[in-house]
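Read through the structure below, which is laid out as structure tokens, and then see the notes.
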Amino acid sequence: QILQDRKRLAVNQAALEIELTMTKERVAKLQDSLIETEWQLQVMRERERSQLDKFENMNNQLLVSKEQELQAVLDNLRRENAKLRDCLNEQNNVLREFMQEHIHLLGFMNRTGTAEVVRQEALQMALGEAQRQLERNSWSIHQLQGELKRTQQGREEEEEKFLAGLADERGANLQLSRELQGEQVKVDQLYSALRAREEEISSLIRTVQTQQVENSEMRSRLHDVAELASQMNESCEIGRQALQQHIKDNASTLHFLEDAVVNIKCEVQEASEMSGHLRQCLVEHEQHHENLLQQFVIERTRSISTLDELQELTRRNNEIEGVVLTMSTRMKEDVPLVKAEMEEMQMELSNVCVEMEDEVCKIREM
């Protein structure tokens with residue numbers, strides 16, 4: 001049994017060592033995969049960060065360029081408005097000067113008393129020139145207003161296009177941010193899975209450490225079991241020798257017990273014979289008592305002749321009766337005691353016989 005236990009413990013120890021080696025290899029592989037996954041996660045985060053920075057820079061550059069273009073368009077519109085305003089002011093100044101000259105001319109003609117025809121012609125010429133100048137000014141104003149409207153429409157269209165582009169960019173940025181959020185969620189899930197895997201690995205490492213401790217305890221127990229087995233072998237050898245000696249002693253004891261059983265059986269036979277002899281004695285005493293009674297009756301009948309003999313016989317008879325009664329009572333009292341003692345002796349002898357037979361059977365079995 002001890003050798004089987006040793007073999008089983010050796011097999012279990014080898015299996016545990018193989019399992020420990022495989023567990024260490026799995027732990028190393030899991031640690032390598034964890035490091036590689038963390039590196040991939042770091043690369044993905046850096047890539048996402050670089051993409052976000054790139055998109056932000058592109059958006060900022062686009063916004064800056066659009067703002068610069070709008071600022072340039074507004075500056076051009078302001079310059080054109082200033083030019084148109086200068087032209088209008090110049091034309092108004094020219095018209096104002098012409099009107100002042102016309103007024104001075106009219107005053108001069110009134111003072112000098114020139115002819116009415118000259119004044120009307122000059123007036124008509126001045127009015128025609130003023131109308132033509134007004135028409136030119138109105139046409140210029142109309143052209144400037146149309147150009148201003150076209151410029152405003154172009155600016156509004158460019159603003160709408162820019163706003164649409166910005167909305168598209170914002171939609172693309174929102175879509176990209178959603179995708180990045182989804183990637184971030186996946187990355188977080190992957191990171192949580194990696195954390196859970198790391199916890200499993202740490203628990204597995206703790207289990208392996210516990211198994212190592214159990215293996216060391218098992219080795220110490222095996223050492224203790226080996227020592228105990230050697231001690232048990234020694235004690236078994238000592239017990240074997242003691243058993244052989246005990247068997248020899250038991251053989252001699254068996255012969256002694258068999259002789260004692262034979263002696264006890266003889267004593268039982270003698271006790272039974274003695275009990276028969278005592279019964280025979282009791283019967284003889286009873287017979288003797290009856291004989292005495294018969295003799296007493298005979299003697300009583302013989303002594304009736306005389307009173308003295310009768311009294312003597314009566315006295316003797318009384319004495320004999322007392323003796324007989326005493327003897328009968330003693331015999332009656334002794335008989336149950338003797339029977340009880342004989343029964344007790346028989347029971348004790350039977351018990352001793354049974355015990356001796358049990359001992360003999362045990363010794364034979366040993």
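By the UniProt record's numbering, the letter at position 205 of the sequence shown is numbered 205, and the numbering carries on one by one without gaps. For every residue, glycine included, the Cβ atom is placed at its ideal position computed from N, Cα and C.
Could you check how far apart the C-beta atoms of V73 and E158 are, in whole angstroms? I think they sit under 8 Å.
Sure, about 7 Å apart at Cβ, within 8 Å.
Could you compute how far the alpha carbon of R96 sits from the alpha carbon of L88?
12 Å
By Cβ distance below 8 Å, which residues in the same chain neighbour E147 in space, the five residues on each side in sequence not counted?
Counting only Cβ-Cβ distances below 8 Å, and skipping sequence neighbours, we find E80.
Taking only the alpha-carbon atoms, compute the straight-line gap between K66 and N76 and give it to the nearest angstrom.
15 Å
Candidates Q100, E179, Q68 and A14: which alpha carbon is nearest L52's?
E179
In terms of alpha-carbon separation, which member of E38, A164 and R132 lies closest to S192?
It is E38 whose Cα lies nearest to the Cα of S192.
Using the C-alpha atoms, what's the distance from R26 back to A15?
Cα-Cα distance, rounded: 16 Å.
By how many angstroms is the C-alpha of N60 removed from the C-alpha of N93?
N93 and N60 have their C-alpha atoms some 48 Å from each other.
In whole angstroms, what is the alpha-carbon distance linking E355 and M347?
12 Å
What separation, rounded to the nearest whole angstrom, lies between the Cα atoms of E319 and E312?
10 Å
Have a look at Q245, E227, Q40 and R78 and flag the residue whose alpha-carbon is nearest the alpha-carbon of L3.
Closest option to L3, Cα to Cα, is E227.
Using the Cα positions of Q68 and L62, report the straight-line distance between them to the nearest angstrom.
10 Å
Measuring only the C-alpha atoms, how far is E48 from A28?
30 Å
Alpha carbon to alpha carbon, how far is E56 from A82? Give it in angstroms, no decimals.
38 Å
Looking at C-alpha atoms only, which residue of Q280, L70, I18 and R206 is the closest neighbour of K161?
Per the Cα distances, L70.
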